[in-house]
Structure formats: C-alpha cells, structure tokens
Amino acid sequence: MAGHGGARNRSGPHPSMVSARSDARDLKAKRLDAGGYQEKIPDFPLAAQTVREAEVWEWAWRTPQATQWIQEPWRWYTIGQWVRWSVKAEAADAPAATVTSATRFADQIGLTPAGLKENGWIIGPVEGVVEPSGAPEPTRTPRKSARRSGPQRRLSPVPDVG
5 MAGHGGARNR SGPHPSMVSA RSDARDLKAK RLDAGGYQEK IPDFPLAAQT VREAEVWEWA
65 WRTPQATQWI QEPWRWYTIG QWVRWSVKAE AADAPAATVT SATRFADQIG LTPAGLKENG
125 WIIGPVEGVV EPSGAPEPTR TPRKSARRSG PQRRLSPVPD VG
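For the sequence shown, my numbering begins at 5 and goes up steadily by one.
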C-alpha cells in the first residue's frame with residue numbers, strides 16, 4: 005500500500021545549507037549565478053508551442069536556475085510542462101487545479117523559494133557588480149547597563165533597608 009512510512013518530499017524542515025551541521029555532513033548549497041543563463045536556449049520540448057509559451061520559455065532560460073538546468077537535460081521536459089501550465093494559469097478563468105499544477109512544476113524546477121531550497125540551490129551575487137554602499141552604519145547609543153543573560157537579567161539587588 006502506497007503512502008505509508010518513510011520520508012516525504014516536504015516532510016519536516018529541510019536542512020539548512022549554510023549551517024555548521026550541514027557543513028559537517030558535506031551538504032553544500034549550489035550557488036547559482038544571479039546574472040542568469042546567457043548561452044543558447046534549448047528547443048521547446050513539447051509539441052505545438054504557442055507564441056506565449058515561446059515568450060515564457062525564453063524568459064525562464066534567462067533565470068539563474070537555468071544555469072543549472074542546462075547541465076540537466078532530463079529536466080527540460082518538466083520545464084516545458086511548467087511553461088505550458090503557467091501559460092494556462094494566466095487565463096482569467098483558469099481553474100485552481102491549473103494554478104496548483106503550475107506552482108508544483110515551479111517548485112520542481114526551482115522557480116520558487118521552496119523549490120530553490122528543495123533543489124539545494126541559492127542565488128548568488130552577480131559577478132563584477134559592486135553592491136552600492138548606502139548610508140553609513142547607524143551609530144548606537146550606549147545603554148545605561150550592559151545587557152545580561154540568564155537569571156542576572158531578571159534579578160536586581162534590593163537595597164538594604166535595615
């Protein structure tokens with residue numbers, strides 16, 4: 005009987021790819037270039053591509069996730085399915101099941117935050133781009149007393165009335 009026991013795809017929290025424990029288990033997040041994929045885009049894998057599907061296919065292949073997809077041709081059919089279902093989901097009268105299908109495909113191919121985590125991907129900074137340095141760090145005003153932890157934080161001496 006299916007559906008009994010064992011780990012599930014979204015059962016419990018995923019391991020953090022940036023924690024010391026993940027480092028100890030050699031779980032590393034794959035950093036994707038935020039500049040996206042800039043090479044030749046593969047052909048659409050499904051029959052009878054519409055104009056809108058061609059636009060979405062082109063857009064998808066310029067995302068950071070595409071830098072990983074190009075190395076995984078087995079995933080291209082699923083990406084095509086996401087394109088088709090997401091175009092269907094754009095219709096004003098699209099049923100909830102269509103939108104749900106598009107979202108599930110987006111998760112599988114890493115186009116959502118949950119999908120990025122599920123695939124073990126993080127999007128890194130664009131190489132050669134310097135982050136703008138905005139306003140200077142705000143200065144902090146010193147507190148009257150130093151911050152304490154534990155019971156000392158809650159307890160204070162009582163003056164001797166004696």
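A virtual CB, placed ideally from N, CA and C, is assigned to each residue, including glycine.
In three-state terms, what does DSSP make of residue i?
i	result
D37	strand
W86	helix
P117	helix
V165	coil
Q53	coil
V133	Low local confidence applies: a pLDDT of 49 at V133 is under 50, so the model's placement there is unreliable, with the coordinate-based value given in what follows. Of the three classes helix, strand and coil, the one that applies to V133 here is coil, per DSSP.
L159	coil
Could you pull the DSSP bridge partners for residue i from this structure?
i	result
I45	BP columns for I45 are empty, so no partner.
G170	Only positions 5 to 166 of the chain appear in the structure, and residue 170 is not among them; the question remains open.
So residue i packs on residue j, CB below 8 Å; how close in whole Å?
i	j	result
I3	I126	The shown model of the chain, from 5 to 166, leaves out residue 3, and the question about it has no answer.
L115	Q69	6 Å
T71	L120	Rounded, the Cβ-Cβ distance is 13 Å, inconsistent with contact.
V91	T54	7 Å
P49	W78	Wrong, their Cβ atoms sit about 11 Å apart, outside the cutoff.
With distances taken from CA atoms, which of the options is nearest residue i?
i	options	result
I45	V60, W89 and K121	V60
I74	D97, P129, Y41 and E122	Y41
Q34	G124, E43, L159 and A101	Per the sequence shown, the amino acid found at residue 34 is Lys instead of Gln. The residue with the shortest Cα to Cα distance from K34 is G124.
W89	G39, T107, D164 and A51	T107
Exercise for review: Within the segment 58-102, note down every full alpha helix (DSSP H) run reaching 4 residues or more, in order along the chain.
Suggested key: 70-73 and 80-93
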